[in-house]
Every structure is written in C-alpha cells, then in structure tokens.
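As structure tokens, the structure follows; a few thoughts come after it.
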Amino acid sequence: MTVGYGNILFPEELPLDPARLSNGLPRAELEIGFGNGEFTVEYAAAHPDTLLIGMEVSPSCIARCARRSGHLSNLRIVCTDARFMMKELFVDASLDRVCMNFPCPWPKNRHARRRVTTGEFSDDLAAVLKIGGVFELVTDEEWYALEAGNALSRHEALSVASYEVGAKRAITTKYERKWLAMGRNIVRLTLTKTKNFTVERWTWSFKNGECDEVHVKTGRPPSREELEKLFGASGVRGDARWVFKRLFRDADLSAPDCWLVETISTDDEFEQRYYLKVSARGNDTLIKLDGTAKVYLTPSVRLAVADLGRRLSACAG
Ligand SMILES: C[S@@+](CC[C@H](N)C(=O)[O-])C[C@H]1O[C@@H](n2cnc3c(N)ncnc32)[C@H](O)[C@@H]1O
C-alpha cells in the first residue's frame, strides 16, 4: 500500500491491512462517493479517533479532495468503483460505519444497475461492517431511500435502525446545502449489521487454480503471425471478459524483443485498461503485467494473462 499526494491511497496489495492502515486508531469508517470532499475533510477533522477512507470513482473529485486533505493523518482517499471494490479492499468485519451522502439516484430504470445500493451491495456491506456497525444513507430523493431501505433490510445480516425525514446534520455536503436551500427534505436511513456474513472476493479469495498465475512462460519466442493475430482477440468466462486491443513494440532498448499488448478487461461491469508485457528471452517468452499497470488482479485480468500465454505458447494452434 502506498500513500501519495494528498492522502491518495494506491492499494497494491489487497485486502488493505486494517491495522497498518488505521495506525492505532480505534474506529474505521468508509465514505462512498464523497464528491468535492468538503464534508469528508470536515468529518475527518471532527473525528480524530476515526480513520476515514473516502472512495470515489471520479478522478477529478479525488484531486479536489486531495488538495484539501493533505494535513489530515486520519483520512485516506482511493479512486475506485465502490460497487465492485469495497469488498476487495476490506476484510470481513473491519468497518464501524459506511456512509453515502447524496448518491447519484439514477432514476431511469435502464440505469438502475448504476445505483451503488443495488446488485451485490447488501452482501458486500454485510461482509465489511463489524457486528453493530452502521450503514448511513443520506439523500433528498425519498423514493431512493425507500428502495435502498427495502433492498438492504431484506438481507439476513442487516436491519433498519432508523428512517428520518427532515434530518438536520452538523456537517453538511455541497449537495445537501443545495437541496436545503431549495427547501427539499433530507432523508437519513440507517441500518446495522446484526450477524456475521462473508462474500467471496475476486482478488484475494480466488479459488480457480487454473488461472491463479499472473506470470506465464510460453516456452518459445512468439512468431510475427501470432503477434499479429492478437489484434481484437478476446475471451469470456462467466462475468469475466477481456480483449487484446493493440500491440506496441516496447521502446526499452535493453530488451529488444519486448511488446506491450493493450488489454481491456471487465468483471461484471468493472472495467480496467492495462498493458501486458511480452518479453522474448532466448528460447522462452515471459508474459506479465507491465510495471506501470495500476490494475486490480480480478478474474478477468488473470484470465487475460493466461489466455495470452496460451495464444503464444508451444501448444497454441
Ligand atoms: C451526487 S454526487 C454527491 C457528492 C457528495 N457526497 C455530496 O453530497 O456533495 C455523487 C458522487 O458519487 C460518486 N460515485 C458515483 N458512483 C460511484 C461508485 N460506484 N463508487 C464510488 N463513487 C461513486 C460520483 O462520482 C459523485 O461524486
């Protein structure tokens, strides 16, 4: 795990080690979708006993929060999609509280999958919260609070603790102030975790030994035809998909037989773009993730490495 400019966290190894991360603080909380980070910074400053992790999908929001937060040692921010990565970053029962302030409601039915609280979110939440831990959702869209409350309270390990219309909070977000100024009601829904629960993780409880490798050796150098055939080659297994988009000759002059294969892979709807490095060395070829790739080792990434290995290996064809 590296902590960079303005508290930005680059998780290189998953899951995050809660003890290392919290640095002795007794509480750990997660805020999903913090926007410009004003609330996040104020909240962390007001709760010095709490490690606050902010998760945001928008790089520009990450940059804005990073500019504001450099002085706080109890705040870490990470750029990723909470729908897929919350369960990957955190071990079971590691968070005291998860909160979402004014999530994008995505009111159209065809966009429902983009709502953070849909899909496997209730399972993931039930896994990462401590027993007695709290999930708090604050929104100006009452239909959204009701929908999320119904969906989450059906979970065997979650139970609704409160539902408040007209909530007033000491620390407010940018959207909250906007909606309050327009006279809209703020709804606050809270749920607690009542019993143990776990989910399988993509990146660290991966069971399929067949593609548990992220380095592959092919046993021979690739031919030009094999490399050319990679353009647009793709694969799918279950929810994992990958495609090899373009091939570049690596400009590293000390390694003249190196290529970079631009790869896009998705797990469910979680998309990652990265390069796989193909290095021919004598009678062998090594395929691995390029060192610049900030990529999570999800099933589709592992499968893409294995697939590229098969396409360039001695038994291909
Ligand atoms: C309507 S804004 C609210 C921002 C802030 N919480 C506030 O109240 O001012 C919703 C935020 O959630 C972020 N977001 C949307 N989907 C997300 C996801 N799947 N994971 C993490 N952040 C997400 C968006 O980038 C956006 O910044």
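Throughout the sequence shown, residue numbering follows the working numbering, covering 27 to 343 in sequence.
For each residue, glycine too, the CB sits at the ideal point set by N, CA and C.
List the residues that DSSP assigns as beta-bridge partners of residue i.
i	result
Leu315	Leu302
Lys243	Leu312
Met81	Ile58 and Val104
Phe296	Asp293
Cys125	Glu57 and Glu162
Glu284	For the sequence presented, residue 284 should be read as Cys rather than Glu. Paired residues: Ser305.
Ala266	Arg263 and Asp293
Ile34	Ile103
Phe116	DSSP lists no partner for Phe116.
Arg93	Looking at the DSSP assignment, Arg93 forms no beta bridge with any residue, so it has no partner.
Arg275	Trp285
Thr76	Arg53
Which two residues bound the contiguous alpha helix (DSSP H) that contains residue i?
i	result
Phe147	Phe147 to Val154
Asp333	Pro325 to Arg337
Lys200	Lys200 to Ala207
Val67	Glu64 to Ala72
Leu172	Glu168 to Ser179
Ser345	A query on residue 345 cannot be resolved here, the shown segment of the chain reaching from 27 to 343 and no further.
Glu254	Arg250 to Glu254
Return the chain-ordered list of same chain residues with a C-beta closer than 8 angstroms to the C-beta of residue i, the five sequence neighbours on each side being excluded.
i	result
Ala193	Val164, Ile212, Val213 and Arg214
Glu68	Ile197
Cys284	Arg275, Asp276, Asp278, Lys303, Val304, Ser305 and Ala306
Arg87	Here the sequence assigns Cys to residue 87, which means Arg is not the residue at that position. Excluding positions up to five away in sequence, the list reads Phe60, Gly61, Asn62 and Gly63.
Asp150	Met112, Lys113 and Val225
Gly343	In this prediction, Gly343 scores a pLDDT of 49, lower than 50, which makes its location untrustworthy; no coordinate-derived value is stated.
Taking 8 angstroms as the CB-CB limit, is residue i close to chain D?
i	result
His97	Absent from the structure: chain D. Only one protein chain is present.
For residue i, report the span of its beta strand (DSSP E) as first-last.
i	result
Tyr189	Leu184 to Val191
Leu217	Val213 to Lys219
By Cβ distance below 7 angstroms, which residues in the same chain neighbour residue i in space, the five residues on each side in sequence not counted?
i	result
Ala71	Leu98
Arg210	Asp166
Ser339	Thr244 and Gly245
Leu51	Asp75, Thr76, Leu77 and Asn100
Ala152	His181, Ala183, Leu184, Lys219 and Phe223
Which whole-angstrom value describes the C-beta separation of residue i and residue j, a residue pair presumed to lie in contact below a C-beta threshold of 8 angstroms?
i	j	result
Tyr300	Ala319	4 angstroms
Ala108	Val142	6 angstroms
Thr311	Thr244	4 angstroms
Ala119	Lys156	5 angstroms
Kindly list the residues whose CB is nearer than 6 angstroms to the CB of residue i, restricted to its own chain and excluding five residues on each side of it in sequence; keep chain order.
i	result
Gln298	Ser291 and Val321
Cys237	Here Cys237 scores only 43 on pLDDT, less than 50, and its place in the model should not be relied on; the value that follows carries that caveat. The residues are Arg328, Leu329 and Ala332.
Glu168	Val213
Asn234	Residue placement at Asn234 is flagged as unreliable, the pLDDT there being 48, under the threshold of 50; a coordinate-derived value is accordingly withheld.
Val160	Arg123, Thr216 and Thr218
His344	The displayed coordinates of the chain run from 27 to 343. Any statement about residue 344 would go beyond what the structure contains.
Ala259	Phe270
Glu57	Thr66, Gly80 and Cys125
Pro131	Glu167 and Tyr170
Could you check if residue i belongs to the surroundings of ligand 2, using beta carbon to heavy atom distance under 7 angstroms?
i	result
Cys87	As for ligand 2, it is missing from this structure, which binds only ligand 1.
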